[in-house]
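Engineer: The structure follows.
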Amino acid sequence: MSAYSERRLELGGVEIALYEAGQGEPLLFLHGAGTATGFDSLLPLAEHFRLIVPHHPGYGASADDPAIRSVHDYERHYLDLLEVLEIGNLTLVGHSMGGWIAATLAISQGERISELVLAAPWGLHVPEHPTVDAFSIPDAEVAGYLTADLSVFAGKAPDPPTPEFLADRYRELTSTARVLWQHTYDPSLARWLHRIQAPTLLLWGELDRLIPVGQLPAWRSLLAAADERILPGVGHLLFDESAQASAAIVEHAHRHAVR
Amino acid sequence: MDVLDDIQFYVMNCHHYADIPAHDERFASSWVDMPNSEFDPVRGHEMYERYSRELKLIEELGYDAIALNEHHNTPFSLMPAPSVRAGHVIASTDRIKIMVAGVPLNLSMPNRVAEEYAMLDVMSGGRMEFGFPLGTGMEYWSNAAQMDPVTARARFREGLDVVLKAWTEPGPQRYEGEHFFYRYLNIWPRPYQQPRPKIYIMGGGSPETVDVAVEFDAGYSVVFTPIPVQLRAFADLREKCAARGRELAGEDIMLTVMAYVADTDAEAEREGRPYMERFFSWFHRVPPKYMTPPGYVTRANFERLASTRALADAQESSWEDMRAIGRIAIGSPDTVAETISHWAREAGSSRIMLNMTHANMPEEMTVKNLTLFASEVIPRIRTRTAVAP
Numbered sequence: 001m002s003a004y005s006e007r008r009l010e011l012g013g014v015e016i017a018l019y020e021a022g023q024g025e026p027l028l029f030l031h032g033a034g035t036a037t038g039f040d041s042l043l044p045l046a047e048h049f050r051l052i053v054p055h056h057p058g059y060g061a062s063a064d065d066p067a068i069r070s071v072h073d074y075e076r077h078y079l080d081l082l083e084v085l086e087i088g089n090l091t092l093v094g095h096s097m098g099g100w101i102a103a104t105l106a107i108s109q110g111e112r113i114s115e116l117v118l119a120a121p122w123g124l125h126v127p128e129h130p131t132v133d134a135f136s137i138p139d140a141e142v143a144g145y146l147t148a149d150l151s152v153f154a155g156k157a158p159d160p161p162t163p164e165f166l167a168d169r170y171r172e173l174t175s176t177a178r179v180l181w182q183h184t185y186d187p188s189l190a191r192w193l194h195r196i197q198a199p200t201l202l203l204w205g206e207l208d209r210l211i212p213v214g215q216l217p218a219w220r221s222l223l224a225a226a227d228e229r230i231l232p233g234v235g236h237l238l239f240d241e242s243a244q245a246s247a248a249i250v251e252h253a254h255r256h257a258v259r
Numbered sequence: 001m002d003v004l005d006d007i008q009f010y011v012m013n014c015h016h017y018a019d020i021p022a023h024d025e026r027f028a029s030s031w032v033d034m035p036n037s038e039f040d041p042v043r044g045h046e047m048y049e050r051y052s053r054e055l056k057l058i059e060e061l062g063y064d065a066i067a068l069n070e071h072h073n074t075p076f077s078l079m080p081a082p083s084v085r086a087g088h089v090i091a092s093t094d095r096i097k098i099m100v101a102g103v104p105l106n107l108s109m110p111n112r113v114a115e116e117y118a119m120l121d122v123m124s125g126g127r128m129e130f131g132f133p134l135g136t137g138m139e140y141w142s143n144a145a146q147m148d149p150v151t152a153r154a155r156f157r158e159g160l161d162v163v164l165k166a167w168t169e170p171g172p173q174r175y176e177g178e179h180f181f182y183r184y185l186n187i188w189p190r191p192y193q194q195p196r197p198k199i200y201i202m203g204g205g206s207p208e209t210v211d212v213a214v215e216f217d218a219g220y221s222v223v224f225t226p227i228p229v230q231l232r233a234f235a236d237l238r239e240k241c242a243a244r245g246r247e248l249a250g251e252d253i254m255l256t257v258m259a260y261v262a263d264t265d266a267e268a269e270r271e272g273r274p275y276m277e278r279f280f281s282w283f284h285r286v287p288p289k290y291m292t293p294p295g296y297v298t299r300a301n302f303e304r305l306a307s308t309r310a311l312a313d314a315q316e317s318s319w320e321d322m323r324a325i326g327r328i329a330i331g332s333p334d335t336v337a338e339t340i341s342h343w344a345r346e347a348g349s350s351r352i353m354l355n356m357t358h359a360n361m362p363e364e365m366t367v368k369n370l371t372l373f374a375s376e377v378i379p380r381i382r383t384r385t386a387v388a389p
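In order, the protein sequence lines correspond to chains A and C. One point on numbering: in this note's numbering, the residue at position 20 of the first sequence is 20, and numbering is uninterrupted. One point on numbering: in this note's numbering, the residue at position 274 of the second sequence is 274, and numbering is uninterrupted.
If you want it as structure tokens, here you go:
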């Protein structure tokens, strides 16, 4: 299997870390609100795409950007990145908070998105199946909300956690609070999702305790062309928990390429 | 000049909800999410009455000031609105200074704080001083939607700018900031004291709050921080002020001290220590998460706190930790006078903020503590009979 090559670039004076693998059509992966488990689980996608995994400003190996105060600022940040990378059309995949950013980007950049994958996306207000307020989960229970399979943290999270590991998580939580402390959803997102015309795959873990799979029908009803795939026995960190998550993206791409 | 020449004693009454629930180990925290079904309004009324008696006694005993503070969602404090309490204290006292220390600016609108405080100053005929806290991390959890901890420091700084401009510059003014915008900043009434009442920044010792005190020519007070961190913050403040040509006076540094005095050291420890320990184990029972909401401290500061968790978790603190964090002065009049004089000189402070009502200490013990401190400790410090030169 291929490995990532890392590169650094500067966007608006902020240093960004970018991980790339594979060749072909560009696939931009927008991660969720944490980087602790890494992104090796995505590498199978590099067999079929030019896989691009940037760390958001304020997360992982990227620097902080105090100018980012909303999901829309992340949208503009990624418009900048696509321009610097000279990417026109692309497959866009977003997980969790990255799904929210991806949906926002796809609303304004519909013509460039050849395919969209929203994996357990954050951002829609579904009162019957509310997103758990991640900030309110007691520290000791966070891992259990993130995954149905605690072994995904093996070798990635020190046990017991070191002050450095905790401080890294605190920094990422701070970056998340910067955009999501006051609202853990975007009340106007439902109003604009119809603008997404690209074939869309809604990908979800059946056992997601953070963003319940019960939200999936609400997304499907608002999107023009959505397929769905629910992974049995899988929680919120679906790419870490199951190889089926990346495989589902490849299958979806093939189906739409053939059509 | 010796700071003891100008020393003044403020008494802070935090208005604890003094009834500690049976089997209190059921509650992981006495802040933020402590169920308010444990609050009994009739008992609450009795406690306000009791604290009113203590506040009147503080004036009668000759202390210099009464201090009132604000907290939310916690039995630590029956005072989510200290200005309401201050209005009552103004009416029930005659001469004593009153310090409201105070509304975290991010919990209100700064123009409202400016006019509310100006109202107290005019009502009291200029007896007010004000402390401006950023607010503990717990206040940000308790008021989540309105108070984003990530931008808290920036809004605090700008909010203070609004308050001071509203107090000292003629209105109406237009104010265009990053967080606040006013078309007509024009408070009625304006403060009684000119150009403005004395202010203190209430910090936790971080360089960021020290910077605010420097920028706005404010006094500075550190609360609930180990003594070495307090001293570092005072040194930082002194150095930064000097760089701007301002020489700090003793009245610019306020020391918070938990005090209990009895006839002998042994008696004081036997009587007072259980309540002081109870203060830490119950009223200061705060999970680390609630102390540091996301963005409230920097990543580096967080890592430092995570490395010294014992200090953050009062339930695991030793009596020696508590003494350093709370600046606990306990013992005979000689011992307490000596301890406070030493701390005041070491910090260059002539404003001592005393906590005298500890945890669920009965009223008669508080009265004894206040009385003995006023009659035996203050004269010793002022005349230095128990104080090494």
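Where a beta carbon is used, it is the ideal one built from N, C-alpha and C, also for glycine.
#1: Looking at the strands, I want to know which residues DSSP matches up with arginine 7 of chain A.
#2: Using the Cα positions of alanine 103 of chain A and proline 226 of chain C, report the straight-line distance between them to the nearest angstrom.
#3: Starting from glutamine 8 of chain C and walking both ways along the beta strand (DSSP E), at which residues does that stretch end?
#4: Serine 246 of chain A to proline 212 of chain A, Cα distance in whole Å?
#5: Return the first residue and the last residue of the alpha helix (DSSP H) that phenylalanine 276 of chain C is part of.
#6: Just the Cα atoms here: how many angstroms apart are asparagine 73 of chain C and glycine 32 of chain A?
#7: Of all Cβ atoms in chain A, is any one closer than 8 angstroms to the Cβ of valine 229 of chain C?
#8: Got a sec: is the Cβ-Cβ distance from glutamate 25 of chain A to anything in chain C below 8 angstroms?
#9: Taking DSSP's pairing of strands, which residues face histidine 252 of chain A in a bridge?
#10: Any residues in the segment 128 to 147 of chain A with a beta carbon nearer than 8 angstroms to a beta carbon of chain C? Which ones, in chain order?
#11: For proline 217 of chain A, does the three-state DSSP call read helix, strand or coil?
#12: Run through chain A and tell me which residues come within less than 9 angstroms of phenylalanine 302 of chain C, C-beta to C-beta.
#13: Secondary structure at alanine 312 of chain C, three-state DSSP: helix, strand or coil?
#14: Give me the DSSP bridge partner(s) of isoleucine 66 of chain C.
#15: With DSSP as the reference, please indicate the residues paired to arginine 351 of chain C in a beta bridge.
#16: Is the Cβ of alanine 306 of chain C closer than 8 angstroms to any Cβ of chain A?
#17: If you scan the segment 89 to 115 of chain A from start to end, which runs of the alpha helix (DSSP H) of 4 or more residues do you find wholly inside it?
#18: Roughly how many angstroms separate the alpha carbons of proline 207 of chain C and leucine 305 of chain C, rounded to a whole number?
#19: Can you give me the C-alpha to C-alpha distance between threonine 93 of chain C and proline 138 of chain A, rounded to a whole angstrom?
#20: Which stretch, first to last residue, makes up the beta strand (DSSP E) that contains leucine 203 of chain A?
#21: Exposed or buried, which one is proline 133 of chain C when buried takes at least 16 other CB atoms within 10 Å?
#22: Counting only Cβ pairs nearer than 8 angstroms, list the residues of chain C close to tryptophan 122 of chain A.
#23: Spell out whether any CB of chain A is found under 8 angstroms from the CB atom of proline 294 of chain C.
#24: Going along chain C in order, which residues have a C-beta closer than 8 angstroms to the C-beta of alanine 177 of chain A?
#25: Rounded to whole angstroms, what is the Cα-Cα separation between histidine 183 of chain A and arginine 255 of chain A?
#26: Using the rule of at least 16 other Cβ atoms within 10 Å of the residue's Cβ for burial, across every protein chain shown, is histidine 56 of chain A buried or exposed?
#27: Kindly indicate the opening and closing residues of the beta strand (DSSP E) around phenylalanine 132 of chain C.
#28: Pull up the distance between the alpha-carbon of leucine 57 of chain C and that of glycine 87 of chain C, whole angstroms please.
#29: How would you write the range of the alpha helix (DSSP H) that leucine 189 of chain A sits in, first residue to last?
#30: On the criterion of 16 or more Cβ atoms from any shown chain inside 10 Å, does glutamate 10 of chain A qualify as buried, or is it exposed?
#31: Can you find a C-beta in chain C that's less than 8 angstroms from the C-beta of tryptophan 219 of chain A?
#32: With distances taken from CA atoms, which of A:Ser2, A:Ala21, A:Pro160 and A:Ile16 is nearest aspartate 65 of chain A?
#33: Counting along the chain, where does the beta strand (DSSP E) carrying arginine 229 of chain A start and finish?
#34: Just to confirm, are proline 294 of chain C and alanine 143 of chain A a CB contact at a threshold of 8 angstroms?
#35: Which two residues bound the contiguous beta strand (DSSP E) that contains glutamine 23 of chain A?
#36: So which residues on chain A does arginine 299 of chain C lean against when the C-beta distance must stay under 8 angstroms?
Structural biologist: Let me lay it out:
#1: Here residue 7 of chain A is taken as the residue at index 7 of the first sequence, counted from 1. Partner(s): A:Leu18.
#2: Here residue 103 of chain A refers to the residue found at position 103 when the first sequence is read from its first residue. Here residue 226 of chain C refers to the residue found at position 226 when the second sequence is read from its first residue. Those two C-alpha atoms are separated by around 48 angstroms.
#3: Looking up residue 8 of chain C in the second sequence gives position 8. It spans 8 to 12 - the beta strand (DSSP E) in which glutamine 8 of chain C sits, taken as one unbroken run.
#4: Walking along the first sequence from the start, residue 246 of chain A turns up at place 246. Walking along the first sequence from the start, residue 212 of chain A turns up at place 212. Going by the C-alpha atoms only, they are around 20 angstroms apart.
#5: Residue numbering aside, residue 276 of chain C sits at position 276 when the second sequence is read from its first letter. With the sequence shown as reference, residue 276 of chain C is identified as methionine, and phenylalanine is not the correct amino acid for it. First-last of the alpha helix (DSSP H) with methionine 276 of chain C: 265 to 278.
#6: Indexing the second sequence from 1 puts residue 73 of chain C at position 73. Indexing the first sequence from 1 puts residue 32 of chain A at position 32. Each residue's Cα considered, the two are about 32 angstroms apart.
#7: Numbered from 1 along the second sequence, position 229 holds the residue referred to as residue 229 of chain C. No, valine 229 of chain C lies away from the interface with chain A (no Cβ there is under 8 angstroms from its Cβ).
#8: Working through the first sequence from its first residue, we reach residue 25 of chain A at position 25. Not closer than 8 angstroms to any Cβ of chain C, the Cβ of glutamate 25 of chain A fails to qualify, so no.
#9: If you number the first sequence from 1, residue 252 of chain A lands on position 252. Per DSSP, none; premise fails for histidine 252 of chain A.
#10: Phe135, Pro138 and Asp139
#11: On the first sequence, position 217 is the one that residue 217 of chain A refers to. Proline 217 of chain A falls in the helix class under three-state DSSP.
#12: For the purposes of this step, residue 302 of chain C is identified with residue 302 of the second sequence, where counting begins at 1. Per Cβ cutoff of 9 angstroms: Pro163, Leu166, Ala167, Tyr170, Arg171 and Thr174.
#13: As a first step, residue 312 of chain C must be located in the second sequence, where it is residue number 312. Because alanine 312 of chain C carries a pLDDT of 44, less than 50, the predicted location of this residue cannot be relied on, and the following value inherits that uncertainty. Of the three classes helix, strand and coil, the one that applies to alanine 312 of chain C here is helix, per DSSP.
#14: Translated into the one-based positions of the second sequence, residue 66 of chain C becomes position 66. Its beta-bridge partners are C:Val11 and C:Ile98.
#15: Numbered from its first residue, the second sequence carries residue 351 of chain C at position 351. Looking at the DSSP assignment, arginine 351 of chain C forms a beta bridge with C:Gln8 and C:Met254.
#16: By 1-based counting over the second sequence, the position of residue 306 of chain C is 306. With 8 angstroms as the cut-off, alanine 306 of chain C counts as an interface residue toward chain A.
#17: 97 to 108
#18: As a working mapping, residue 207 of chain C is identified with position 207 in the second sequence. As a working mapping, residue 305 of chain C is identified with position 305 in the second sequence. Each residue's Cα considered, the two are about 15 angstroms apart.
#19: Numbered from its first residue, the second sequence carries residue 93 of chain C at position 93. Numbered from its first residue, the first sequence carries residue 138 of chain A at position 138. Spanning the two alpha carbons is a distance of roughly 45 angstroms.
#20: Within the first sequence, residue 203 of chain A is the residue found at index 203, counting from 1. Element bounds for leucine 203 of chain A: 200 to 205.
#21: By one-based count along the second sequence, residue 133 of chain C stands at place 133. That one is buried.
#22: As a working mapping, residue 122 of chain A is identified with position 122 in the first sequence. Within 8 angstroms Cβ-Cβ: nothing; tryptophan 122 of chain A doesn't reach chain C, min ~16 angstroms.
#23: For the purposes of this step, residue 294 of chain C is taken as residue 294 along the second sequence, with counting starting at 1. So yes, proline 294 of chain C belongs to the interface.
#24: The sequence position of residue 177 of chain A within the first sequence is 177, counting from 1. Result: Asp148, Pro149, Val150, Pro293, Pro294 and Gly295.
#25: Along the first sequence, read from residue 1 onward, the residue named residue 183 of chain A stands at position 183. Along the first sequence, read from residue 1 onward, the residue named residue 255 of chain A stands at position 255. Cα-Cα distance, rounded: 37 angstroms.
#26: What you label residue 56 of chain A is simply residue 56 of the first sequence in a count that begins at 1. Label assigned to histidine 56 of chain A: buried.
#27: The residue given as residue 132 of chain C occupies position 132 in the second sequence. Here the beta strand (DSSP E) through phenylalanine 132 of chain C covers 128 to 133.
#28: By one-based count along the second sequence, residue 57 of chain C stands at place 57. By one-based count along the second sequence, residue 87 of chain C stands at place 87. Each residue's Cα considered, the two are about 17 angstroms apart.
#29: Stepping through the first sequence from its first residue, residue 189 of chain A is reached at position 189. Here the alpha helix (DSSP H) through leucine 189 of chain A covers 189 to 192.
#30: On the first sequence, residue 10 of chain A is found 10 positions in, with the first residue counted as 1. Burial call: exposed.
#31: In the first sequence, counting from the first residue as 1, residue 219 of chain A sits at position 219. It does not; no Cβ of chain C falls within 8 angstroms.
#32: Position 65 of the first sequence, counted from the start, is the residue given in the question as residue 65 of chain A. Checking every option, the nearest Cα to that of aspartate 65 of chain A belongs to A:Ile16.
#33: Locating residue 229 of chain A in the first sequence gives position 229, counting from the first residue. Start and end: 226 to 231.
#34: Along the second sequence, one-based indexing puts residue 294 of chain C at 294. Along the first sequence, one-based indexing puts residue 143 of chain A at 143. It is not a contact, given that the beta carbons lie outside the stated cut-off.
#35: Stepping through the first sequence from its first residue, residue 23 of chain A is reached at position 23. Neither: glutamine 23 of chain A is in no beta strand (DSSP E) and is coded neither H nor E.
#36: Along the second sequence, one-based indexing puts residue 299 of chain C at 299. Simply Ala167, Asp168, Tyr170, Arg171 and Thr174.
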